[in-house]
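Each remark here refers to the structure printed beneath this line.
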Amino acid sequence: MELFKRTTQIDFMARRRLALPLSALLLVVAIVGLVLRGLSFGIDFTGGVLVEVRYPQQAVLTDVRRQLADAGFEGAVVQYFGTPTDVLIRLAPGDEGAPVQSEQLSERVLQALRQDAAAQITVERVEYVGPQVGQELANQGGLALLVALFGILVYVSVRFEWRLALGAVGALVHDVLVVLGLFAWAQVSFDLSVLAAVLAVIGYSLNDTIVVFDRIRDGFLEMRRATPPEVVNVSINQTLSRTLMTSGTTLLVLIALALFGGTVIQPFAIALIAGIVIGTYSSIYVASVLALGLGVSRVNLLKPQRQDKPDAQL
Numbered sequence: 535m536e537l538f539k540r541t542t543q544i545d546f547m548a549r550r551r552l553a554l555p556l557s558a559l560l561l562v563v564a565i566v567g568l569v570l571r572g573l574s575f576g577i578d579f580t581g582g583v584l585v586e587v588r589y590p591q592q593a594v595l596t597d598v599r600r601q602l603a604d605a606g607f608e609g610a611v612v613q614y615f616g617t618p619t620d621v622l623i624r625l626a627p628g629d630e631g632a633p634v635q636s637e638q639l640s641e642r643v644l645q646a647l648r649q650d651a652a653a654q655i656t657v658e659r660v661e662y663v664g665p666q667v668g669q670e671l672a673n674q675g676g677l678a679l680l681v682a683l684f685g686i687l688v689y690v691s692v693r694f695e696w697r698l699a700l701g702a703v704g705a706l707v708h709d710v711l712v713v714l715g716l717f718a719w720a721q722v723s724f725d726l727s728v729l730a731a732v733l734a735v736i737g738y739s740l741n742d743t744i745v746v747f748d749r750i751r752d753g754f755l756e757m758r759r760a761t762p763p764e765v766v767n768v769s770i771n772q773t774l775s776r777t778l779m780t781s782g783t784t785l786l787v788l789i790a791l792a793l794f795g796g797t798v799i800q801p802f803a804i805a806l807i808a809g810i811v812i813g814t815y816s817s818i819y820v821a822s823v824l825a826l827g828l829g830v831s832r833v834n835l836l837k838p839q840r841q842d843k844p845d846a847q848l
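Encoded structure:
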């Protein structure tokens, strides 16, 4: 049992002067990528055409993607829809991108799919998604990120202290920008599933930061003679095993999804993998370092004691 009671003694804060330039470099690279290359928005945001087709037997998605690419439908998103015989195809807007030409588009899709298929394939539905709908989704997604960050700032300020709150929000902004910058440089398709992953990264990173901050608050109250960097070091070491176990087991699942989940789920898994790695780093070297830089100390975390009013002189 003694093995499980031991804690590491890594001096994390001794390396904070190296971590700050690294974090700044990551932010600069991410912002440059977002400005110069931008996000490769998927059909969810740019608009396009949805075509649902039904096969008499299970469809092979790799064959469907190849047939569509050979017919000139580049970047088509193909996935099962309910059953292995129903396939949902999402096509990016092109020259035909108008609702009145949906019938012609469905015929082109059928011709492409029937080239190698001996069985009969039927079109169940064709829907057109305009770019204005995609723009509205992008605006709503950005608003969701801002509301989440503001709510987190208020929550951490109430639960802890404003210096810790700013450190937590700074870490979350850092994580979101780095993940978005990764998608900008790699030009991986950014759709609603990736946006959901980014929001999940915010929750995951915040949870990790709250665990560290909760221990830091207790450490300031327990280690009265220790300096703030020493308290932060001890607190991070005490939560390190929990952080590594949680992050490690989650990463195992996400890596399996990225490798074997198919092309549809890969962007979602990549976003979460990057977010968890960056989030674990930021809870140590961004949130805690920012809180120290803002001057958090034991005095800030002590609850003000109530002073009773002196008895009135008779």
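Counting along the sequence shown from 1, when you hit position 223 you're at 757 in my numbering, and nothing is skipped either side. By construction, the Cβ of each residue, glycine as well, lies at the ideal position given by its N, Cα and C atoms.
Please state whether DSSP places residue i in a helix, a strand or coil.
i: residue 623; result: strand
i: residue 618; result: strand
i: residue 660; result: strand
i: residue 840; result: Reliability of the predicted coordinates at residue 840 is poor, the pLDDT of 49 falling under 50, and the value obtained from them is presented with this limitation in mind. Correct three-state label for residue 840: coil.
i: residue 714; result: helix
i: residue 641; result: helix
i: residue 573; result: coil
i: residue 817; result: helix
i: residue 721; result: coil
i: residue 586; result: strand
i: residue 613; result: strand
i: residue 810; result: helix
i: residue 828; result: coil
i: residue 758; result: coil
i: residue 630; result: Confidence in residue 630 is poor, its pLDDT being 46 and thus under 50, which makes the residue's placement too unreliable to answer from.
i: residue 799; result: coil
i: residue 548; result: helix
i: residue 776; result: helix
i: residue 579; result: helix
Whose C-beta lies closer than 6 Å to the C-beta of residue i among residues of the same chain, with five residues either side of it excluded?
i: residue 774; result: 542
i: residue 567; result: 715, 718 and 719
i: residue 575; result: 724
i: residue 553; result: 819
i: residue 791; result: 799 and 803
i: residue 821; result: 701, 702, 705 and 743
i: residue 642; result: none
Could you tell me the distance, in whole angstroms, from the CA atom of residue i to the CA atom of residue j?
i: residue 581; j: residue 597; result: 24 Å
i: residue 694; j: residue 751; result: 8 Å
i: residue 616; j: residue 588; result: 11 Å
i: residue 777; j: residue 801; result: 24 Å
i: residue 550; j: residue 561; result: 16 Å
i: residue 783; j: residue 656; result: 43 Å
i: residue 888; j: residue 705; result: Outside the displayed range of the chain (535 to 848) lies residue 888, so it cannot be described from this structure.
i: residue 592; j: residue 614; result: 10 Å
i: residue 785; j: residue 797; result: 18 Å
i: residue 678; j: residue 710; result: 13 Å
i: residue 779; j: residue 741; result: 14 Å
i: residue 831; j: residue 757; result: 11 Å
i: residue 833; j: residue 680; result: 31 Å
i: residue 685; j: residue 816; result: 19 Å
i: residue 690; j: residue 625; result: 43 Å
i: residue 577; j: residue 674; result: 16 Å
i: residue 604; j: residue 646; result: 8 Å
i: residue 772; j: residue 748; result: 11 Å
i: residue 638; j: residue 794; result: 35 Å
i: residue 754; j: residue 558; result: 28 Å
i: residue 760; j: residue 612; result: 58 Å
i: residue 746; j: residue 699; result: 13 Å
Find the nearest neighbour of residue i within the set the options, judged by alpha-carbon distance.
i: residue 781; options: 768, 814 and 756; result: 814
i: residue 728; options: 584, 825, 809 and 659; result: 809
i: residue 545; options: 812, 824, 785 and 764; result: 764
i: residue 610; options: 618, 592, 594 and 583; result: 583
i: residue 713; options: 564, 547, 557 and 548; result: 564
i: residue 826; options: 749, 646, 674 and 762; result: 762
i: residue 608; options: 745, 623 and 823; result: 623
i: residue 658; options: 768, 753 and 590; result: 590
i: residue 812; options: 547, 556 and 771; result: 556
i: residue 569; options: 749, 605, 721 and 794; result: 721
i: residue 648; options: 692, 738 and 601; result: 601
i: residue 767; options: 638, 612, 606 and 823; result: 823
i: residue 687; options: 737, 755, 638 and 676; result: 737
i: residue 548; options: 795, 794, 793 and 770; result: 770
i: residue 726; options: 739, 676 and 692; result: 676
Excluding the 5 residues preceding and the 5 following residue i in the sequence, name in chain order all residues of the same chain whose CB lies nearer than 7 Å to its CB.
i: residue 829; result: 697
i: residue 806; result: 731, 734, 735 and 788
i: residue 572; result: 718
i: residue 599; result: 610 and 612
Below 8 Å CB to CB, which residues in the same chain sit around residue i once its five sequence neighbours on both sides are set aside?
i: residue 707; result: 683
i: residue 619; result: 588, 589, 590, 591, 592 and 593
i: residue 644; result: 587, 655 and 657
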